[in-house]
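In case it helps, mature numbering (1 follows the signal peptide of the UniProt record, and there is no 0) puts the sequence shown at residues -19 to -1, 1 to 158.
Cβ atoms here follow ideal geometry from the backbone N, Cα and C, with glycine treated the same way.
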Amino acid sequence: MKFGLVVAGLLGISLSVSAAATTLKLSPDIELMMVDGKQMTGSLLKGADSLELNGGQHQLLFKVTKSVRKEPRSQVLYTSSAQIVVFNSQNVSAVTIELPRLENEQDAQRFDKAPNYKILGNHGKPLAIKQDVLPLTTSSNENDLEKIVADYNAQNRKASVPALAHLRASVIAAVTP
């Protein structure tokens, strides 16, 4: 009897641990800038095709960077505006950002006007998301990204996560002498 309870307990723990982790599959066309209010440096992601997340709510900031056709024989590098998205990966083992077709300048212009990407979970099932475009100026410094996103989260915007707004104070405190 006790042995059965121990086995059942261990099985329950192993299932909850395996269900808690979520793999974010990364596309080469996506430049992941931040995860849950923390800036992602290139060295952390260099050569990585996935990132492990805890199960639960997540906020991502990313840009799409892709070579698109300008004319029949020329290519240009398209970089989207910064996309901010919130989703919940509870009980989801893997998530992917599915981009629409981005082959030419017209596709890129459509994406700029209406970013229609999806976050897919298990078996390609779309997850519920809240998405927005994070307005970054050309003078926005990459070092300011954490503060910019923390300020965004404090403003109750479409894809805000108020729980991440507290990072603003710690970022300011770290910069202030």
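Checklist entry - Helix or strand or just coil, what does DSSP make of Asp88? => result Walking along the sequence shown from the start, residue 88 turns up at place 107. Of the three classes helix, strand and coil, the one that applies to Asp88 here is helix, per DSSP.
Assigned secondary structure, Pro53 (DSSP; H/G/I helix, E/B strand, else coil)
Residue mapping note: residue 53 aligns to position 72 of the sequence shown, counting from 1. It is coil, neither helix nor strand.
First and last residue of the beta strand (DSSP E) that includes Val142? To locate residue 142, count along the sequence shown from 1; it is residue 161. First-last for Val142: undefined, no H or E at that position.
From what residue to what residue does the alpha helix (DSSP H) around Asn134 run? Working through the sequence shown from its first residue, we reach residue 134 at position 153. Element bounds for Asn134: 126 to 135.
**Request:** Within 10 angstroms of the Cβ of Asn134, are there 16 or more other Cβ atoms? Answer buried if so, exposed if not.
**Result:** One-based indexing of the sequence shown puts residue 134 at position 153. Classification of Asn134: buried, given that the 10 Å Cβ count is 16 or more.
Would DSSP call Ala29 helix, strand or coil?
By one-based count along the sequence shown, residue 29 stands at place 48. Coil at Ala29, not helix or strand.
Original post:
When the Cα of His147 is compared with those of Lys19, Pro107, Leu13, Ala1, which residue comes out closest?
Top reply: In the sequence shown, counting from the first residue as 1, residue 147 sits at position 166. For His147, the nearest C-alpha among the options comes from Lys19.
Here's the rule: buried if 16 or more other CB atoms are within 10 angstroms of the residue's CB, otherwise exposed. What is Val152?
Locating residue 152 in the sequence shown gives position 171, where the first residue counts as 1. Model confidence at Val152 stands at a pLDDT of 40, short of 50, so the residue's coordinates are unreliable; what they give is reported in the following sentence. So Val152 ends up on the buried side.
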